[in-house]
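**Student:** Going by the UniProt record's numbering, the first residue of the sequence shown is number 1, and it counts up by one from there. Don't be surprised by glycine CBs; every beta carbon is placed ideally from N, CA and C. Computed from a predicted structure; not experimentally measured. Please find one structure pasted underneath; my questions will follow.
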Amino acid sequence: MCGIVGGVAERNIVPILLEGLKRLEYRGYDSSGIALLNANQEIERVRSLGKISALETSIEAYKRSESALFNGFIGIAHTRWATHGVPAENNAHPHICNNQVAVVHNGIIENYQSLKAEQIVEGYRFTSETDTEVVAHAVHKFLQSSKTLLEAVQKAVKTFDGAYALGVVSPQDNHHLIAARKGSPLVIGIGIGEHFIASDVSALLPVTQNFIFLEEGDIAEITRESVVIYDIAGNKVERPVKQSQLSANSVELGEHRHYMHKEIFEQPQAVIDTLEGRISQDHVLVSSFGHQAEEIFKQVNQIQIIACGTSYHSGLVAKYWFEDIIGLPCFVEVASEYRYRNPVVLNNTLFVTISQSGETADTLAALQQVKKIKQEKNIATLCICNVPESSLTRESDLIFLTHAGPEIGVASTKAFTTQLVALALLLTAVGRSKGLMTEKRENIIVKGLQKLPGLIQKALEHEDVIKEMAKCFADRDSALFLGRGTMYPIAMEGALKLKEISYIHAEAYPAGELKHGPLALIDEAIPVVTIAPNDDLLEKLKSNLQEVKARGGQMIVFEDEKSNVDSEGNMRVVKATSNVGRITAPITFNIPLQLLSYHVALIKGTDVDQPRNLAKSVTVE
Ligand code: G6P
Numbered sequence: 001m002c003g004i005v006g007g008v009a010e011r012n013i014v015p016i017l018l019e020g021l022k023r024l025e026y027r028g029y030d031s032s033g034i035a036l037l038n039a040n041q042e043i044e045r046v047r048s049l050g051k052i053s054a055l056e057t058s059i060e061a062y063k064r065s066e067s068a069l070f071n072g073f074i075g076i077a078h079t080r081w082a083t084h085g086v087p088a089e090n091n092a093h094p095h096i097c098n099n100q101v102a103v104v105h106n107g108i109i110e111n112y113q114s115l116k117a118e119q120i121v122e123g124y125r126f127t128s129e130t131d132t133e134v135v136a137h138a139v140h141k142f143l144q145s146s147k148t149l150l151e152a153v154q155k156a157v158k159t160f161d162g163a164y165a166l167g168v169v170s171p172q173d174n175h176h177l178i179a180a181r182k183g184s185p186l187v188i189g190i191g192i193g194e195h196f197i198a199s200d201v202s203a204l205l206p207v208t209q210n211f212i213f214l215e216e217g218d219i220a221e222i223t224r225e226s227v228v229i230y231d232i233a234g235n236k237v238e239r240p241v242k243q244s245q246l247s248a249n250s251v252e253l254g255e256h257r258h259y260m261h262k263e264i265f266e267q268p269q270a271v272i273d274t275l276e277g278r279i280s281q282d283h284v285l286v287s288s289f290g291h292q293a294e295e296i297f298k299q300v301n302q303i304q305i306i307a308c309g310t311s312y313h314s315g316l317v318a319k320y321w322f323e324d325i326i327g328l329p330c331f332v333e334v335a336s337e338y339r340y341r342n343p344v345v346l347n348n349t350l351f352v353t354i355s356q357s358g359e360t361a362d363t364l365a366a367l368q369q370v371k372k373i374k375q376e377k378n379i380a381t382l383c384i385c386n387v388p389e390s391s392l393t394r395e396s397d398l399i400f401l402t403h404a405g406p407e408i409g410v411a412s413t414k415a416f417t418t419q420l421v422a423l424a425l426l427l428t429a430v431g432r433s434k435g436l437m438t439e440k441r442e443n444i445i446v447k448g449l450q451k452l453p454g455l456i457q458k459a460l461e462h463e464d465v466i467k468e469m470a471k472c473f474a475d476r477d478s479a480l481f482l483g484r485g486t487m488y489p490i491a492m493e494g495a496l497k498l499k500e501i502s503y504i505h506a507e508a509y510p511a512g513e514l515k516h517g518p519l520a521l522i523d524e525a526i527p528v529v530t531i532a533p534n535d536d537l538l539e540k541l542k543s544n545l546q547e548v549k550a551r552g553g554q555m556i557v558f559e560d561e562k563s564n565v566d567s568e569g570n571m572r573v574v575k576a577t578s579n580v581g582r583i584t585a586p587i588t589f590n591i592p593l594q595l596l597s598y599h600v601a602l603i604k605g606t607d608v609d610q611p612r613n614l615a616k617s618v619t620v621e
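Written out as structure tokens, the structure reads:
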């Protein structure tokens, strides 16, 4: 999704902005641009459709054609993911008004149409289809009656409905970069004699590790020497400077061809990091979820999980665990549905949001909705998230950070795996706090989790055989994924991964539902991927497989060493793992599915890390 980077420095800002934009590429975008104030205090801007490399080419072409240096000490830059208006150069940010104001914007100005109508009457001319252009015009308009750019932005944002993170510069106030945040994240990077802004810290790691996280409604006036922040009421406020634990090279590719591949192979370590400090010998430390966690968990009568995409699938796995293992009701719903209906929320619910980014607009909105009835219904909120200081973590009573490290590939892999580990810890923590789990059971779960990095490592060793199997997907339009029990949400996740990165249509079904519809699809042209752990449902699953086999389906089965699925004819069986338990099985069986999608995408030549039309952090509805 859209990304912002900007800065005021004593050196040419352009290389810093370009590096920042490259580091934001993972969020997903279709166009980009940079605007700066040059030595003559004029705005110069270059925008381009496509990748940052295309922007670099456009900058070089601009320098030649305009005989310009295209450098300056103050500038703003943006990667755009189209919402209002097609991906095109004229819709790319920064947007400029009368050569006096340049603006980058993340979020959506919901009342842009009425503002646009007013601005047209006032004589402003529009050159894009975006909602953002009204921001540039509004700031320009208020600048005519303001002493400073800050004052103009403060007046302008009062007229906006919706969400924004903004970076604004103007030659009329040429020392200041103004940043504003409401509903979309924005951080300030603190350098020595230089300051920066970005939509996430990863953009600025090469220049600083010290950050101020702006709060809702904050507006900051930034110069080389100072950062002054005003809250929504216009009062000067102090916000703490926090040091990021991330280093610049923690988001580098290393020996891997794609971030997705790197992140798949980082999973054993990611699980170790998620578990670190959260278990002691055979026990889960309930306080890993927060100091009041034990008190809160004792009162919980049911769990409501809200999430989107891959995070939703981790919630679905947890539903099986909560209900099967500790008998606690657990409801799971996608945030975009939940927020627009009138859900019945029962008293003493633990409301769990799961999100790798912590910024997903729908998930945040669902949380805000439930917070309105929090007191009355004795609801506690918990967020399972991979990004510290993200919006969701700041809005929740309890926080569990998954510590997976930065995930750059748009298709989530290690974030999902560590969400499942977090949910297994939550199951155990709630189970023990409520007396619903025996010590013996807890010990078994903890031992299983400790074995998990090794199990994932072993599953990864099947890469070569999976790579071979991927070939049979290359010319297919459609695929089916089957599973039963917790393997059904894992099948859903496998199908989503394949869709996301290889653009092959894929559907997941609980294997028992086959005969109620999808069996009609089966012929020799459709690959059917099945997950067959050695569990209570194995015999039933084998019967389902026979139904597919009899109709000529091309089958790939990932089984446990002891599952003994018959591998003759059109059935190819991979012994993907051994000795997995109820908790470790779904986490381990997901690994071969990730590898399968990755290798299918490689064969198809798609953009693995930044699939078309998708974004890593979906900060708009
Ligand atoms: C986007 C990403 C997915 C992710 C989903 C939910 O669609 O591309 O990988 O699963 O958002 O994001 P969240 O950050 O809330 O987990």
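#1: Among all the DSSP beta bridges, which residues are the ones paired with Met555?
#2: Which two residues bound the contiguous beta strand (DSSP E) that contains Val157?
#3: Three-state secondary structure (DSSP) at Val207?
#4: Find the nearest neighbour of Thr360 within the set Ala180, Gln375 and Thr393, judged by alpha-carbon distance.
#5: Please report how far the alpha carbon of Glu263 lies from the alpha carbon of Ile408, in whole angstroms.
#6: Does the contact criterion of 3 or more C-beta pairs under 8 Å hold for the stretch 211 to 226 versus the stretch 542 to 551?
#7: Could you spell out the range, first to last residue, of the beta strand (DSSP E) harbouring Gln299?
#8: Pull up the distance between the alpha-carbon of Tyr259 and that of Pro406, whole angstroms please.
#9: Going by the beta-carbon positions, is the gap between Gln267 and Ile591 smaller than 9 Å?
#10: For Val387 and Leu115, what's the separation of their Cα atoms in angstroms?
#11: Have a look at Gly233 and Gln154 and give me their C-alpha separation to the nearest angstrom.
#12: Just curious, the alpha helix (DSSP H) that Lys371 is in, first and last residue?
#13: Excluding the five sequence neighbours on either side, which residues of its own chain have a C-beta within less than 8 Å of the C-beta of Glu216, listed in chain order?
#14: What is the DSSP secondary structure of Ala165, reduced to helix, strand or coil?
#15: How many Å lie between Arg64 and Ala39 at the Cα?
#16: Have a look at Ile96 and Glu122 and give me their C-alpha separation to the nearest angstrom.
#17: Is Asp535 close to chain C, meaning its C-beta is less than 9 Å from at least one C-beta of that chain?
#18: The ligand G6P heavy atoms versus the CB of Lys616: any closer than 8 Å?
#19: Take every Cβ of the stretch 306 to 315, pair it with every Cβ of the stretch 419 to 429, and state whether three or more of those distances are shorter than 8 Å.
#20: Please list, in chain order, all residues of the same chain as Glu500 whose beta carbon is under 8 Å from its beta carbon, the five residues on each side excluded.
#21: CA-CA distance, Gln144 and His137?
#22: For a test of your reading of the model: does the CB of Gln267 fall under 8 Å from any non-hydrogen atom of the ligand G6P? Yes or no.
#23: Threshold first: 3 residues or longer. Then list the beta strand (DSSP E) segments lying entirely within the stretch 49 to 126, N to C.
#24: Counting beta carbon pairs with one atom in the stretch 574 to 586 and one in the stretch 481 to 501, are three or more of them shorter than 8 Å?
#25: Taking the alpha helix (DSSP H) that Tyr312 belongs to, which residues open and close that run?
#26: Using three-state DSSP, classify residue 647 as helix, strand or coil.
#27: What are the complete beta strand (DSSP E) segments, minimum 3 residues, inside the stretch 336 to 413?
#28: Evaluate contact between the stretch 342 to 355 and the stretch 364 to 383, counting only Cβ atoms and requiring at least three cross-stretch pairs below 8 Å.
#29: Can you name the start and end residues of the alpha helix (DSSP H) that Tyr503 belongs to?
#30: Quick one: what's got a C-beta closer than 8 Å to Arg11's C-beta in the same chain, skipping five residues either side?
#31: The ligand G6P heavy atoms versus the CB of Val237: any closer than 8 Å?
#32: Does any heavy atom of the ligand G6P sit closer than 8 Å to the C-beta of Glu252?
#33: How is the beta strand (DSSP E) around Ala179 delimited, first residue to last?
#34: Using a Cβ-Cβ cut-off of 8 Å (strictly less than) and excluding sequence neighbours within five positions of Gly189, which residues of its own chain qualify?
#35: Output the distance between the C-alpha atoms of Leu329 and Gln304, rounded to the nearest integer angstrom.
#36: Let's test the definition: count the other Cβ atoms within 10 Å of the Cβ of Ile279 and tell me whether it reaches 16, buried, or not, exposed.
**Tutor:** So, from the listed chains and residues:
#1: DSSP output for Met555 lists Val528 and Met571 as bridge partner(s).
#2: That residue, Val157, is in no beta strand (DSSP E); its alpha helix (DSSP H) goes Leu149 to Val157.
#3: Here Val207 sits in coil by DSSP.
#4: Here the closest residue by C-alpha is Thr393.
#5: Glu263 and Ile408 have their C-alpha atoms some 8 Å from each other.
#6: They do not touch, by the three-pair rule.
#7: In the DSSP assignment, Gln299 falls outside any beta strand (DSSP E) and within the unbroken alpha helix (DSSP H) covering Ala293 to Gln299.
#8: C-alpha separation (whole angstroms): 10 Å.
#9: Yes, they are a contact pair.
#10: In this structure, the CA atom of Val387 is about 35 Å from the CA atom of Leu115.
#11: Note on residue identity: the sequence assigns Ala, not Gly, to residue 233. Taking the straight line joining both Cα atoms gives about 10 Å.
#12: If you look at Lys371, you'll find it in the alpha helix (DSSP H) that goes Ala361 to Lys371.
#13: Around Glu216: Arg181, Lys182, Gly183 and Ile232.
#14: Of the three classes helix, strand and coil, the one that applies to Ala165 here is strand, per DSSP.
#15: Whole-angstrom Cα-Cα distance: 18 Å.
#16: So the alpha carbons of these two residues sit roughly 17 Å apart.
#17: The chain labelled as chain C is not found in the depicted structure, where only one protein chain is given.
#18: Yes, Cβ of Lys616 sits closer than 8 Å to a heavy atom of the ligand G6P.
#19: Three or more Cβ pairs drawn from the stretch 306 to 315 and the stretch 419 to 429 lie within less than 8 Å of each other, which places the two stretches in contact.
#20: Excluding its 5 nearest sequence neighbours in each direction, Glu500 has C-beta neighbours in its own chain below 8 Å: Val410, Ala411, Ser597, Pro611 and Leu614, listed in chain order.
#21: The C-alpha of Gln144 lies about 11 Å from the C-alpha of His137.
#22: No, the ligand G6P has no heavy atom inside 8 Å of this Cβ.
#23: Every beta strand (DSSP E) of 3 residues or more that sits fully in the stretch 49 to 126 is shown, in chain order, as 74 to 80, 95 to 97 and 101 to 106.
#24: Yes: the two stretches touch, three or more of their Cβ pairs being nearer than 8 Å.
#25: For Tyr312, the uninterrupted alpha helix (DSSP H) segment begins and ends at Gly309 to Ile325.
#26: Since the first residue of the chain shown is 1 and the last is 621, residue 647 is not available in this structure.
#27: DSSP runs (the beta strand (DSSP E)) wholly in the stretch 336 to 413: 349 to 355, 380 to 385 and 398 to 401.
#28: Between the stretch 342 to 355 and the stretch 364 to 383 there are three or more C-beta pairs closer than 8 Å, enough to call the two in contact.
#29: Counting along the chain, Tyr503 falls outside any alpha helix (DSSP H), and DSSP gives it neither H nor E.
#30: Listed in chain order, the non-local C-beta contacts of Arg11 below 8 Å within the same chain comprise Phe73 and Glu194, local neighbours out to five positions each way being set aside.
#31: Of the heavy atoms belonging to the ligand G6P, none sits nearer than 8 Å to the Cβ of Val237.
#32: Not so, every heavy atom of the ligand G6P lies at least 8 Å from the Cβ.
#33: For Ala179, the uninterrupted beta strand (DSSP E) run begins and ends at Leu177 to Lys182, by DSSP.
#34: If you ignore the 5 residues before and after Gly189, its C-beta comes within less than 8 Å of the C-beta of Gly7, His195, Phe196, Ile197, Ala198, Val201, Leu204, Val207, Thr208, Asn210 and Phe211, all in its own chain and listed in chain order.
#35: Leu is not the amino acid found at residue 329; the sequence shown has Pro there. Here the alpha carbons of Gln304 and Pro329 stand approximately 9 Å from one another.
#36: Burial check for Ile279: the Cβ neighbour count within 10 Å reaches 16 or more, so the residue is buried.
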